[in-house]
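Asks:
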């Protein structure tokens, strides 16, 4: 080649100042070999971009979104504007979701396997959910259907834990020796059973966590100590 | 009142591009999304180190690239013991399939994997992500001559691998 490789490619990439670009352009015009190389490399780059653009054009998995990131929830919480999750519309939506869950009866006992029971006008975790909240560690997920996410203390000092199973997700806080449900949200239509989704927090649940949490979520060691101490 | 979008929103808006870059660096889609997730987490934790007014994209790409480098040595040690079966195979053997961009992604990822790390990152940043030479020099802390010679070698090898005729 009459043109050094670096210069040829800098021309191809539009990185040369105009007068130098014109010189390379003239060389390429004279040389079938250079012209062919330019064509092949342009085609290769176009193919490369087309292939990788399918990634950029695809929907981003929810677990990768900054706001859905459980691990960095504390950082996200600190960073967020307080108003962000606090709008009345969102609270209304959350309350509606919870009400639907309660009155439709799909998530609540009498089904003995349901995750919640109502006693004295309060909603408590039941059965497998109660057991999971008592025993499961986020750092060492068990084989059961319920996954525990964040553990933290609320403003009253009670230990609270988020959980999800294929049908629902929610927040429960310690009330004596039981777990009182502060929120229970049905998984979006068509997503129940999609385990991947467990990593992404329902926005209504995120709002509830955000408004309840005092301080930082527990780390793995803290979570274990709290469990061994009976979630006091 | 501050009308500018929050750091998290800006980072969120960059995600499709960051994922694309992760795919250009990584062996498969699962590794790419793990890398993306790790980069997002580190970016959130390092938020205080980003100076508003500077480019968030270069900063976030740099975080991802450094994370990838951190794991690259362990990866290449492991690769020596698990010689991939397709090592010598041509990755562009059936050009009829190349019309399908999604299918071609796998082929292109496989071809990128054949490049040495230092060539792959330059090819990914310039040819896939569309950064200028100078931006890449700054991002990687490398002189222009190094970036441009790695780019020449990387893209020449890539062309030989995917066999664009």
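Protein chains in written order, with this note's numbering: chain F, 1 to 232; chain B, 1001 to 1165.
Glycine included, every Cβ here is placed at the ideal spot set by N, Cα and C.
Would you grab the beta carbon distance between residue 45 of chain F and residue 1115 of chain B for me? Rounded to a whole angstrom, and I think it's under 8 Å.
Replies: Position 45 of the first chain holds residue 45 of chain F. Position 115 of the second chain holds residue 1115 of chain B. Contact doesn't hold; Cβ gap of about 14 Å is too wide.
Asks: In whole angstroms, what is the alpha-carbon distance linking residue 1112 of chain B and residue 1052 of chain B?
Replies: Taking the second chain and counting its residues from 1, one reaches residue 1112 of chain B at position 112. Taking the second chain and counting its residues from 1, one reaches residue 1052 of chain B at position 52. Distance between the alpha carbons of residue 1112 of chain B and residue 1052 of chain B is about 34 Å.
Asks: Is the Cβ-Cβ distance between residue 1020 of chain B and residue 186 of chain F less than 8 Å?
Replies: If you number the second chain from 1, residue 1020 of chain B lands on position 20. If you number the first chain from 1, residue 186 of chain F lands on position 186. At the C-beta level, residue 1020 of chain B and residue 186 of chain F stay beyond 8 Å of one another.
Asks: Any beta carbon of chain F sitting closer than 8 Å to that of residue 1058 of chain B?
Replies: As a working note, residue 1058 of chain B is residue 58 in the second chain. It does not; no Cβ of chain F falls within 8 Å.
Asks: Just to confirm the assignment, what range does the alpha helix (DSSP H) spanning residue 20 of chain F have?
Replies: What you label residue 20 of chain F is simply residue 20 of the first chain in a count that begins at 1. That run of the alpha helix (DSSP H) goes 18 to 30.
Asks: Quick one: which chain B residues come within Cβ less than 8 Å of residue 64 of chain F?
Replies: Position 64 of the first chain, counted from the first residue, corresponds to residue 64 of chain F. Simply 1015, 1019, 1033, 1036, 1037 and 1040.
Asks: Is there at least one Cβ from chain B nearer than 8 Å to residue 48 of chain F's Cβ?
Replies: Within the first chain, numbered from 1, the residue matching residue 48 of chain F stands at position 48. For residue 48 of chain F, the answer is yes, since a Cβ of chain B falls inside 8 Å of its Cβ.
Asks: Scan the stretch 1128 to 1143 of chain B for residues whose Cβ lies nearer than 9 Å to a Cβ of chain F and list them as they occur along the chain.
Replies: 1128, 1129, 1130, 1132, 1133 and 1134
Asks: So, with DSSP's three-state summary, where would you put residue 227 of chain F?
Replies: On the first chain, residue 227 of chain F is found 227 positions in, with the first residue counted as 1. Three-state DSSP puts residue 227 of chain F in a helix.
Asks: In whole angstroms, what separates the C-alpha of residue 1027 of chain B from that of residue 1062 of chain B?
Replies: Taking the first residue of the second chain as 1, we reach residue 1027 of chain B at position 27. Taking the first residue of the second chain as 1, we reach residue 1062 of chain B at position 62. The alpha-carbon atoms of residue 1027 of chain B and residue 1062 of chain B are separated by roughly 19 Å.
Asks: At 4 residues or longer, what runs of the alpha helix (DSSP H) sit wholly inside the stretch 1015 to 1055 of chain B?
Replies: 1029 to 1045
Asks: Whose CA, out of F:158, F:232 and F:170, lies closest to the CA of residue 208 of chain F?
Replies: Here the question's residue 208 of chain F lines up with position 208 in the first chain. Of the candidates F:158, F:232 and F:170, the one whose C-alpha sits nearest the C-alpha of residue 208 of chain F is F:170.
Asks: Using the Cβ count rule (16 or more neighbours within 10 Å means buried), how would you classify residue 156 of chain F?
Replies: Residue mapping note: residue 156 of chain F aligns to position 156 of the first chain, counting from 1. Residue 156 of chain F is exposed by the Cβ-count criterion.
Asks: Quick check on residue 219 of chain F: does DSSP put it in helix, strand or coil?
Replies: Position 219 of the first chain holds residue 219 of chain F. Here residue 219 of chain F carries a coil assignment [DSSP, helix/strand/coil].
Asks: Could you name the residues of the same chain whose beta carbon sits closer than 6 Å to that of residue 213 of chain F, not counting the 5 residues immediately before and after it, in chain order?
Replies: Residue 213 of chain F sits at position 213 when you count from the first residue of the first chain. Non-local C-beta neighbours of residue 213 of chain F in its own chain, meaning closer than 6 Å and more than five positions away in sequence, comprise 152, ordered along the chain.
Asks: What's the C-alpha gap between residue 1156 of chain B and residue 54 of chain F?
Replies: Locating residue 1156 of chain B in the second chain gives position 156, counting from the first residue. Locating residue 54 of chain F in the first chain gives position 54, counting from the first residue. So the two alpha carbons sit approximately 23 Å from each other.
Asks: Quick one: give me the first and last residue of the beta strand (DSSP E) that residue 175 of chain F is part of.
Replies: As a first step, residue 175 of chain F must be located in the first chain, where it is residue number 175. Taken as a continuous stretch (DSSP letters only), the beta strand (DSSP E) holding residue 175 of chain F covers 168 to 175.
Asks: Residues of chain B with CB closer than 7 Å to the CB of residue 162 of chain F, please, in chain order.
Replies: On the first chain, residue 162 of chain F is found 162 positions in, with the first residue counted as 1. Residues of chain B passing the Cβ test: none, with the nearest at roughly 18 Å.
Asks: Counting only Cβ pairs nearer than 8 Å, list the residues of chain B close to residue 207 of chain F.
Replies: As a working mapping, residue 207 of chain F is identified with position 207 in the first chain. Under the 8 Å cutoff, chain B gives no residues; its nearest Cβ is about 15 Å from residue 207 of chain F.
Asks: Going along chain F in order, which residues have a C-beta closer than 8 Å to the C-beta of residue 1108 of chain B?
Replies: As a working note, residue 1108 of chain B is residue 108 in the second chain. Chain F residues near residue 1108 of chain B: 47, 48, 51 and 52.
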